[in-house]
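**Q** My questions will all concern the structure given below.
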Amino acid sequence: MTVANAQRLVPTKAVTKAVSGDPSGVPPGYKATIGQLQTFVLPETFTSSASDVKLGRAIVAAWQKDGILQIAMKPNQQATYKAANAASKRFFSKSHAQKAACVDSQSYAGYIASGEELTDGIADYSEIFTVTKDLPLDEPRVRAKWPCHGRCPWPDVEMQEPIQRYMDSLGESGEMILKLTELGLDLPEGSLTGLTRDGWHHLRVLRFPATHATNGKGKDGRGIGSHTDYGLLVLAAADDVGALFVRPPEEDENFANWERSAAGFKEDDAGWVFVPPAENVFTFLTNSVLPSTPHKVGLNIKERFAFAYFHEPSFQAVIKPLEGYDVGQEPKEGIHYGKHFTDMCRAYPLRKPKNHRLPIPRWHLALAPAVTHVFTAYIGVQRHAADGPCLRADARIASAIRAWLEADHGPAAFESFAMIDGVEATDTSVWVCYWQDADKYDAALKELALPVLFSRLEKRDRESIGLWRECFATALPRLETNYSGLDYLPGLARLPGTTTPEHDRSAYWGAARDRIPDSAHDLFPKPTDLVSLPPDSAVQGRGQHLVGTNPQNLAHIRSGQFWENCGQQEADAYERKLEPTLHEGLRYLMEHPHETEAMSVRYLRNEEDAAASGRPRKESCGAAFFSNLDKLEQWAKTHPYHIAIYRGALSHYKAFGDLRRLRTWHEVSVLHEGDAQFEYINCAPATGVMQSINLEARDFSLLTV
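Just so it is clear: in the sequence shown, position 418 is 418 by UniProt numbering, and no numbers are missing.
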C-alpha cells in the first residue's frame, strides 16, 4: 500500500558487468547493470535522537532512489542466520516424499515443490517452505477457520527452532526499520509500528536449483518471475550465489498491486539492476511505506539458498493513508490486510474481468474484527388444517416463539415471514434469526427445543401442526453479501456493530465467488462420496421426527427485494414485470430439485408492520440451499429462467436510473461439513432438505406420549 504520493527518478550508480562463470556474478542469460547499494547499520536501541532522525532520513532517501538497500548483520544475527541456513539445506536435502508431507491446508504453510508456483502464469523453479504464524488448533481464529491460520507443518524440531529464532531476529530488525522510517517520513510515532502489533509475519525458506539442474516445468534460467510483493516490509537474505534483480523506481510507474497484479511486469525490458551477493548483509525491498519495488530472481550455475521475511500488519488491520500522505487514494475505506493478503496469495484467480467498471454502486457487509462467525436459524410452523385444534396449536407455538425472540438469550436480529410459495405447506409462518456470538447461538437453540414445544401441545392438536428448524454457522471467510443501497439493510446487516463499505466486485459472472475470501484457495467442490437420495425416495414427513446435518460445501442463499419506498410507477413496474419473472424462476427451482440441485426453496413475504398497515408489506425474499456454490453459479449464469430475472433487473435499473428506489440484496454462505443442523417434526413430505439429504428418523412416539 503505497503512502507516498509521488516517486522520484534518480539515476542509479552502476557499471556494466559481463556475464561470466562466476556464480556471484549476473546469472547466465541476463543483462543488467550492477547495483551499488547503500548499507546501513541499525542502532542497538531506538531513542528518537538526532542521529536516529538522520539515519531514518537516509534510509528513506535510499529507498526512494534505489528501491532497495542493505542492512549490515550484527555478530549474533550472523550466527542465527548460519544456523537457519544449515537447517534450510538439511530440509531441502530430504526426499520428495518427506518434504511433500509437510503441508497444511488451513494455514497454507509448508512445502511447495520446484515448478509448482506460478508468476504471471509461468512456473517458477524456486523450491519453498513457507512459515506462517504457528497457532495451536484451539486458538479462536484457527477454530473459526480463518484463512492462513493454523499449525506450521514443521518436519522436525531441528528445523523449527533455528528458523523460529531467525524469524524473531528479523522481526526485531523490522520493527527498528519501521521506527526509523517513521522518523524519516516525519510521521507520528506508531504510524507504522502500530499496524504490526500481532503482525502476520511470515517467512519463505527458498532453494533455487542450478540453471542446468531443473525439472523442465518452467522457463529456462528463471527462479521467480518479475513481481511486487504484497505487504509492508520484506527483508531478504541469501548465500553468496548471485540471482536477485530489482527495478528502481521510475516516475511514471505505479504498482498498486491491491488493485491489479504486477506479475510479469517488464520481465524482459531493460532497466533491471543486479544486486550482487554481499556477505553478512540483509537485503530488503519495500512494498508499502514507499513505492513497491519490482524484482525477480534468476538461476545461476550453482544452487542458491535464501530467505524472504515479510514483516506485516495484523491480519485484522485496515490500512489507510498515513498522515500527510492522503490524496484521496482508493479504496477510501482503506485496505483490509487479511483480505489483501489472501487475494495476493490466491491459488485461484479472481473472475473479475480486466478493466471492469461497476455500472452502479454496490456495498457489502463488514463485521467487527473480533467476529469470526455469523449464525443463522430459520424456524417454521406449518398449519396442516384450518380448524380449531390447528389454530389453537398455532397460537400456542407462535406465542412461545415470540417470547423466545424477545428474551435475553434470543437472536441479535430477526425477521418474520409468511410463505408466498414453496413445495411444502404454504400455510407456514417463518422466522429468520441471526447471531454473531457462538455461545448465545447455542444457548438460544437449546432454549427453543422443538421436541419440547411439540410435546407440550394438546394430544388432539399435534397432528395439525408441523415444526421445522434449519440453522447453520458461517465462517466469515466463507460468507459474501451484496447490497444495492444503504437506505434499507435487512438480514445479517441488522446485526449490531456492522458496517457496509462500498466494493467493486459486482456486475460480472463469478462476482459472488470473488467476494468469498476462501475462494482464493478453495473451489468448494461437492463431496465425491456424497450419496444422493433417489428421486423416488419416500420420506413421509408427517408422523416423523427427522434430524441431520450437511455435507461439505453446501451453499445457502437468501436474496431479497424491497420496494416500500418506490413511487407508484416504479412499484407497478416491479410488481407487473419483474416480480412475475422472479416467481417463475423460483417455482422452476422448486419443481426441479434433481436437475438444479436446489433444495429447501422458499419464496417469503416479510410480515414486519403488516398488521399495523393493514396491507402486505412490499418486501420479499427467496431462500434456498444448493449442493455447492458451482450449482448456484450454474443456475445464475446459464439457466434461461435466471437470465430472464437478470435481464429484467437491468431493464428496471435503466428505466428508473438514479430515481430507482427498488433495493435488492443477498447473502451467500458456503458451509463446512456439519455446520448446519436440520430438524423436522410432523412436517409435509417435501419440507426443506428432507428429499435431498439423508436424515435420521428418531422415535416419534416419544413426542406423542
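Glycine included, every Cβ here is placed at the ideal spot set by N, Cα and C.
If you compare alpha carbons, which of G622, A598 and E607 is closest to H583?
**A** With distances taken between Cα atoms, H583 lies closest to G622.
**Q** Can you tell me which of the three DSSP states R469 falls into?
**A** Note: R469 maps to strand in three-state DSSP.
**Q** Using C-beta distances below 6 Å, list every residue in its chain close to S88, excluding the 5 sequence neighbours before and after it, in chain order.
**A** Excluding sequence neighbours, S88 sits near V205 and F305.
**Q** Measure the alpha-carbon distance for I693 versus R165 and round it to whole angstroms.
**A** Each residue's Cα considered, the two are about 50 Å apart.
**Q** Going by DSSP in three states, A262 sits in which element: helix, strand or coil?
**A** Any reading at A262 must be qualified, since the residue scores a pLDDT of 46, below 50, and its modelled position is unreliable; the value itself is stated next. A262: coil per DSSP, three-state reduction.
**Q** Does the Cβ-Cβ distance between H373 and A144 come in under 8 Å?
**A** Contact flag set, yes.
**Q** Mind checking who I224 pairs with in its DSSP beta bridge?
**A** Looking at the DSSP assignment, I224 forms a beta bridge with V297.
**Q** Secondary structure at E44, three-state DSSP: helix, strand or coil?
**A** Here E44 sits in coil by DSSP.
**Q** Excluding sequence positions up to five away, which residues of its chain have a Cβ less than 6 Å from the Cβ of E480?
**A** Cβ within range, chain order: A512, R515, I516 and V668.
**Q** With a 10 Å radius around its C-beta and 16 neighbouring C-beta atoms as the bar for buried, classify I397 as buried or exposed.
**A** Answer is buried; the Cβ neighbour count reaches 16.
**Q** So, with DSSP's three-state summary, where would you put N85?
**A** In the structure shown, N85 sits in a helix (DSSP, three-state: H, G or I).
**Q** Please report the residue range of the beta strand (DSSP E) in which Y111 lies.
**A** Here the beta strand (DSSP E) through Y111 covers G110 to I112.
**Q** Is G115 helix, strand or coil when you go by DSSP?
**A** In this structure, G115 counts as coil in the three-state DSSP scheme.
**Q** Within 10 Å of its beta-carbon, does E406 have 16 or more other beta-carbons around it, so buried, or fewer, so exposed?
**A** Exposed.
**Q** Can you tell which of A243, D439, I177 and P490 has its C-alpha closest to the C-alpha of P43?
**A** Of the listed residues, the one whose Cα sits closest to P43 is I177.
**Q** Given that a residue counts as buried once 16 or more other Cβ atoms are within 10 Å of its Cβ, and exposed if not, what is A425?
**A** Answer is buried; the Cβ neighbour count reaches 16.
**Q** Tell me whether the region 294-313 and the region 234-245 touch, counting them as touching only if at least three CB pairs, one residue from each stretch, are closer than 8 Å.
**A** Yes: the two stretches touch, three or more of their Cβ pairs being nearer than 8 Å.
**Q** Give the secondary structure of T687 by DSSP, where H, G and I count as helix, E and B as strand, and everything else as coil.
**A** Reduced to three states, the DSSP call for T687 is coil.
**Q** Tell me C566's beta-bridge partners as DSSP assigns them.
**A** DSSP lists no partner for C566.
**Q** Roughly how many whole angstroms lie between the Cα atoms of F700 and R460?
**A** Computed Cα separation, rounded: 15 Å.
**Q** Flag this pair as yes or no: are the beta carbons of T211 and P75 separated by less than 8 Å?
**A** Cβ distance not < 8 Å, so T211 and P75 don't count as in contact.
**Q** Identify whether W200 lies in helix, strand or coil by the three-state DSSP scheme.
**A** Note: W200 maps to coil in three-state DSSP.
**Q** Provide the residue(s) that pair with H384 in DSSP beta bridges, ordered along the chain.
**A** None, per the DSSP bridge assignment.
**Q** Please classify N550 as buried or exposed, where buried requires at least 16 neighbouring CB atoms within 10 angstroms.
**A** N550 should be labelled buried.
**Q** Could you name each continuous beta strand (DSSP E) segment of 3 residues or more that falls completely within the region 139-215, going from the start of the chain to the end?
**A** 202-208, all fully within the region 139-215.
**Q** From K31 to A58, what does the alpha carbon distance come to, in whole angstroms?
**A** Cα to Cα, the separation comes out at about 29 Å.
**Q** Going by DSSP, which residues form a beta bridge with D421?
**A** DSSP lists Y603 as partners of D421.
**Q** Between the region 52-69 and the region 318-325, can you find at least three pairs of beta-carbon atoms closer than 8 Å?
**A** The region 318-325 is not in contact with the region 52-69.
**Q** If A366 and L299 are in contact, beta carbons under 8 Å, what's the gap, nearest whole angstrom?
**A** 44 Å between Cβ atoms; not a contact.
**Q** Between the region 340-357 and the region 454-468, do at least 3 Cβ pairs fall closer than 8 Å?
**A** Flag = no, the region 340-357 and the region 454-468 do not touch.
**Q** Around the Cβ of V539, are there at least 16 other Cβ atoms within 10 angstroms (buried) or fewer (exposed)?
**A** With 16 or more other Cβ atoms within 10 Å, it is buried.
**Q** For W435 and F375, which I take to be in contact (beta-carbon distance under 8 Å), what is that distance rounded to the nearest angstrom?
**A** That belief holds up - the Cβ atoms of W435 and F375 are roughly 4 Å apart, short of 8 Å.
**Q** How far does the beta strand (DSSP E) with I128 in it extend, from its first residue to its last?
**A** Taken as a continuous stretch (DSSP letters only), the beta strand (DSSP E) holding I128 covers E127 to V131.
**Q** Grab the span of the alpha helix (DSSP H) containing S651 for me, first residue to last.
**A** Looking at the DSSP string, the run of the alpha helix (DSSP H) that includes S651 is P640 to F656.
**Q** Between which two residues does the beta strand (DSSP E) harbouring S429 extend?
**A** Counting along the chain, the beta strand (DSSP E) containing S429 begins and ends at T428 to W435.
**Q** Under the three-state reduction of DSSP, which class applies to Y574: helix, strand or coil?
**A** In the structure shown, Y574 sits in a helix (DSSP, three-state: H, G or I).
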